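Which chain is which? The protein sequence lines are A and B, in order.
For reference, each letter of the first sequence is one residue, going 1 to 266 in the UniProt record's numbering.
For reference, each letter of the second sequence is one residue, going 1 to 266 in the UniProt record's numbering.
Positions of the beta carbon are idealized from the N, C-alpha and C atoms, including for glycine.
The structure displayed is predicted, hence computed values, not measured ones.
Written out below as structure tokens is the structure these notes cover.
There are 2 protein chains.
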Amino acid sequence: MKIGIVGSGNVASHLTRALIQAGYSIAGVCSRKLSHAEALIEEIDSLTQTAIATDRIENLLPTDILILAINDDSIQDIAQVLGKIAPKSYVFHTSGSTSLKVLSEYLPHCGVLYPLQTFSKDRKIDFSSVPLFIEASDGPTQELLRSIALSLSKRVIEMDSEQRKRMHLAAVFACNFVNHCYVLAEQEMNKCGLDFEILLPLIDETTSKVHTLSPRQAQTGPAVRNDKRIINLQKSLLGQSEQDIYQLLSDNIQRIRYDKLRPRKN
Amino acid sequence: MKIGIVGSGNVASHLTRALIQAGYSIAGVCSRKLSHAEALIEEIDSLTQTAIATDRIENLLPTDILILAINDDSIQDIAQVLGKIAPKSYVFHTSGSTSLKVLSEYLPHCGVLYPLQTFSKDRKIDFSSVPLFIEASDGPTQELLRSIALSLSKRVIEMDSEQRKRMHLAAVFACNFVNHCYVLAEQEMNKCGLDFEILLPLIDETTSKVHTLSPRQAQTGPAVRNDKRIINLQKSLLGQSEQDIYQLLSDNIQRIRYDKLRPRKN
Chain A
1 MKIGIVGSGN VASHLTRALI QAGYSIAGVC SRKLSHAEAL IEEIDSLTQT
51 AIATDRIENL LPTDILILAI NDDSIQDIAQ VLGKIAPKSY VFHTSGSTSL
101 KVLSEYLPHC GVLYPLQTFS KDRKIDFSSV PLFIEASDGP TQELLRSIAL
151 SLSKRVIEMD SEQRKRMHLA AVFACNFVNH CYVLAEQEMN KCGLDFEILL
201 PLIDETTSKV HTLSPRQAQT GPAVRNDKRI INLQKSLLGQ SEQDIYQLLS
251 DNIQRIRYDK LRPRKN
Chain B
1 MKIGIVGSGN VASHLTRALI QAGYSIAGVC SRKLSHAEAL IEEIDSLTQT
51 AIATDRIENL LPTDILILAI NDDSIQDIAQ VLGKIAPKSY VFHTSGSTSL
101 KVLSEYLPHC GVLYPLQTFS KDRKIDFSSV PLFIEASDGP TQELLRSIAL
151 SLSKRVIEMD SEQRKRMHLA AVFACNFVNH CYVLAEQEMN KCGLDFEILL
201 PLIDETTSKV HTLSPRQAQT GPAVRNDKRI INLQKSLLGQ SEQDIYQLLS
251 DNIQRIRYDK LRPRKN
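Have a look at this one:
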């Protein structure tokens, strides 16, 4: 079975490599920017000899399976086109926040293959440890999707669109916003001529803690101690928008503790 | 040389244990709440036989070295008392944000021993990997402090109060606010009946990435992609105060990228 990849970003790139390593044939990569598709094909060139790079989705056809690793806003447009030119294909998207319905409206055999991971270009990933969340339009599609997912990862979980949407939001907090806190920490370190690298043991322990403690139990620092003098001192070191973030997060830390100590009655 | 510990919280507890393991004699532990001092002494009882638990600091005297592992607001009060009853002692505080001046105003031999780490009660720490930042009032105190620090950790760095204050702020972003993002992620997971534990591979990779990429390079997600539909969808799932946090962090992610693409001229 040949798989066509639509998209050429971080998810497309890591997923394509994992599919090849799992033994699948890649028909080709389609990207709105041909040069991006070409770059990805070149990257995986040693692994596959027959895949093509294209900016026209019809060039990938006939292909049994199409995997869309594209931005959420484009999924519906592509689904509509595929509904006309390749209605028998199995079409899977890889988005956390997009419902399966966006595909099933146009395509009878469709599904979701959502990898819960953060992918960056210059970073190798052990795909076998990436949790994959799957959902399908019908039994046979579910079976096919499940077998593909299991060949890529040790951890495959069925999940509906509503749960996946909520989990994607949780992932934004646990990954993108966490990373942004690192960006802000790096800014402060640089302001006094210190390397971000000094913080790594602290960062590692913070992460390591939530493997054994719940995040609430693990909390330390001025806000949870309600140390007003330090809170005010630290705020005074920040520019306006970082100060707003500091205040809001500190308030929220204190509010959540308060809720815990005095549970609401309703 | 006997060391007296003032404080009985997480830092006091981990530091006392590390000092004993490094071979120091602990004179005792003083805490405003006697039961807390007793609990810590009991915890370390197998390691030391002579240390006392007390709620009166004079009971620790005469002691060559006193280490204050207490909340920042109490440091000045204790320094004032010690300046009267034990002016010849070496007194060190362990705070990131409190200047050495708060001690040196009252005590001729004083210093700072700041461990850059997050300490939780139910969590063992390899103290030898905790970076220790030291500062002292004078040469002999500096030598003594340095030798203690080197017996506890492989990584001892001299740093003045101004730099340490800024680094402590960076640490609040990199640790306490990161942990709070985990709290918010856990809330969302629980709302749809999912385990926080599902997020751990994502959390681990997010942390692991900043060992090899700068946090700016490592950023992924809806905000950095300017994916307005997902941003609005995710906001709609949140209560008011979490929605404010989501908005402010997303705005800040976008602003920082923008600053990067168009550097300011001044």
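- Item | Reduced DSSP category for residue 295 (chain A) - H, G, I as helix; E, B as strand; rest coil | The displayed coordinates of chain A run from 1 to 266. Any statement about residue 295 (chain A) would go beyond what the structure contains.
- Item | Extent of the continuous beta strand (DSSP E) to which Pro-115 (chain B) belongs | Counted as a single uninterrupted DSSP element, the beta strand (DSSP E) harbouring Pro-115 (chain B) occupies residues 110-115.
- Examine chain A for any beta-carbon lying closer than 8 angstroms to the beta-carbon of Gln-76 (chain B), and answer yes or no. No, no contact with chain A.
- Message: When you compare the CB positions of Ile-3 (chain B) and Ala-69 (chain B), do they come within less than 8 angstroms of one another, or not?
- Response: No, the pair does not count as a contact, with Cβ atoms beyond the cut-off.
- Are the Cβ atoms of Leu-152 (chain A) and Ala-22 (chain A) separated by less than 8 angstroms? It is a contact, given that the beta carbons lie within the stated cut-off.
- Taking buried to mean at least 16 other C-beta atoms within 10 Å of its own C-beta, is Asp-72 (chain A) buried or exposed? Its Cβ being crowded by 16 or more others within 10 Å, Asp-72 (chain A) is buried.
- Task: Indicate the three-state DSSP secondary structure (helix, strand or coil) for Val-6 (chain B) in the structure shown.
- Result: In the structure shown, Val-6 (chain B) sits in a strand (DSSP, three-state: E or B).
- DSSP puts Thr-54 (chain B) in a beta bridge; with which residues? According to DSSP, Thr-54 (chain B) bridges with B:Cys-30.
- Under 8 angstroms between C-beta atoms of Glu-197 (chain B) and Met-159 (chain B): Against a cut-off of 8 angstroms, the Cβ pair of Met-159 (chain B) and Glu-197 (chain B) comes out as no contact.
- Task: Output the boundary residues of the beta strand (DSSP E) element that contains Val-91 (chain A).
- Result: 90-93 is the span of the beta strand (DSSP E), which, as asked, contains Val-91 (chain A).
- Given a cut-off of 8 angstroms, decide if Ala-37 (chain B) and Ala-53 (chain B) are closer than it, judged by their beta-carbon atoms. Contact flag set, yes.
- Item | Nearest to Ile-253 (chain B) (by Cα), restricted to the options B:Asp-227, B:Glu-242, B:Glu-143, B:Gly-239 | It is B:Asp-227 whose Cα lies nearest to the Cα of Ile-253 (chain B).
- Query: How many angstroms separate the CA atom of Asp-77 (chain A) from the CA atom of Glu-105 (chain A)?
  - Reply: Distance between the alpha carbons of Asp-77 (chain A) and Glu-105 (chain A) is about 12 angstroms.
- Thinking C-beta only, is Pro-201 (chain B) closer than 8 angstroms to Ser-120 (chain A)? Taking 8 angstroms as the Cβ cut-off, Ser-120 (chain A) and Pro-201 (chain B) do not qualify as a contacting pair.
- Query: What residues from chain A crowd round His-36 (chain B), counting only those whose CB sits closer than 8 angstroms?
  - Reply: Residues of chain A passing the Cβ test: none, with the nearest at roughly 15 angstroms.
- Task: Run the CB neighbour count on Ile-85 (chain A), radius 10 Å, all protein chains shown included, and call it buried at 16 or more, exposed below.
- Result: Exposed, because fewer than 16 other Cβ atoms sit within 10 Å of the Cβ of Ile-85 (chain A).
- Query: Looking only at C-alpha atoms, which of B:Arg-164, B:Pro-108, B:Leu-107 sits nearest to Leu-132 (chain B)?
  - Reply: Per the Cα distances, B:Arg-164.
- Residue burial classification, Thr-212 (chain A) (beta-carbon count within 10 angstroms, cutoff 16): Thr-212 (chain A) comes out exposed.
- Message: Under 8 angstroms, Cβ to Cβ, is there at least one residue of chain B near Lys-209 (chain A)?
- Response: Chain B contact via Cβ: present.
- Query: Using a C-beta to C-beta distance shorter than 9 angstroms, which residues of chain B count as neighbours of Gln-234 (chain A)?
  - Reply: Result: Ser-97, Lys-165, His-168, Leu-169, Val-172.
- Taking Cβ-Cβ distances shorter than 8 angstroms, what residues in chain A pair up with Arg-229 (chain B)? Listed along the chain, the chain A residues whose CB falls inside 8 angstroms of the CB of Arg-229 (chain B) are Asp-72, Asp-73.
- Message: According to DSSP, simplified to helix, strand and coil, what is Leu-100 (chain B)?
- Response: Secondary structure of Leu-100 (chain B) (DSSP, three-state): coil.
- Residue-level contact to chain A via CB, Pro-62 (chain B), 8 angstroms cutoff: Interface flag for Pro-62 (chain B) against chain A is unset, since no Cβ pair is found closer than 8 angstroms.
- What does Ala-185 (chain A) touch in chain B if you count any residue whose Cβ is under 9 angstroms from its own? Ordered by position in chain B, the residues that pass the 9 angstroms Cβ test against Ala-185 (chain A) are Leu-169, Ala-170, Ala-171, Val-172, Phe-173, Ala-174, Cys-175, Phe-177, Val-178, Pro-215.
- Between which two residues does the beta strand (DSSP E) carrying Glu-135 (chain A) extend? Looking at the DSSP string, the run of the beta strand (DSSP E) that includes Glu-135 (chain A) is 132-136.
- Just how far apart, CA to CA, sit Asp-138 (chain B) and Ala-149 (chain B)? Asp-138 (chain B) and Ala-149 (chain B): Cα-Cα distance of roughly 16 angstroms.
- Enumerate in chain order the residues of its own chain whose CB-to-CB distance from residue 270 (chain B) is below 8 angstroms, with the five nearest sequence positions on each side excluded. The displayed coordinates of chain B run from 1 to 266. Any statement about residue 270 (chain B) would go beyond what the structure contains.
- Query: Whose Cβ in chain B lies nearer than 9 angstroms to the Cβ of Asn-252 (chain A)?
  - Reply: Under the 9 angstroms cutoff, chain B gives His-180, Val-183, Leu-184, Ser-241, Glu-242, Asp-244, Ile-245.
- Message: My assumption, with CB atoms under 8 angstroms, is that Leu-237 (chain B) sits in contact with Leu-169 (chain A). Please give the rounded CB distance.
- Response: Between Leu-169 (chain A) and Leu-237 (chain B) the Cβ distance is about 6 angstroms, and since that is below 8 angstroms, they are a contact.
- Is any beta-carbon of chain B found at less than 8 angstroms from that of Lys-154 (chain A)? Under the Cβ criterion of 8 angstroms, Lys-154 (chain A) is not counted among the residues facing chain B.
- Find the residues of chain B that neighbour Leu-144 (chain A), judging by a C-beta separation of less than 9 angstroms, and give them in chain order. Within chain B, no residue comes near Leu-144 (chain A); the closest Cβ sits about 24 angstroms away, beyond 9 angstroms.
- Should Arg-32 (chain B) be flagged as near chain A, meaning a C-beta pair shorter than 8 angstroms? Nearest CB-CB separation between Arg-32 (chain B) and chain A: not below the 8 angstroms threshold.
- Task: For Val-178 (chain B), name the three-state secondary structure that DSSP assigns.
- Result: Here Val-178 (chain B) sits in helix by DSSP.
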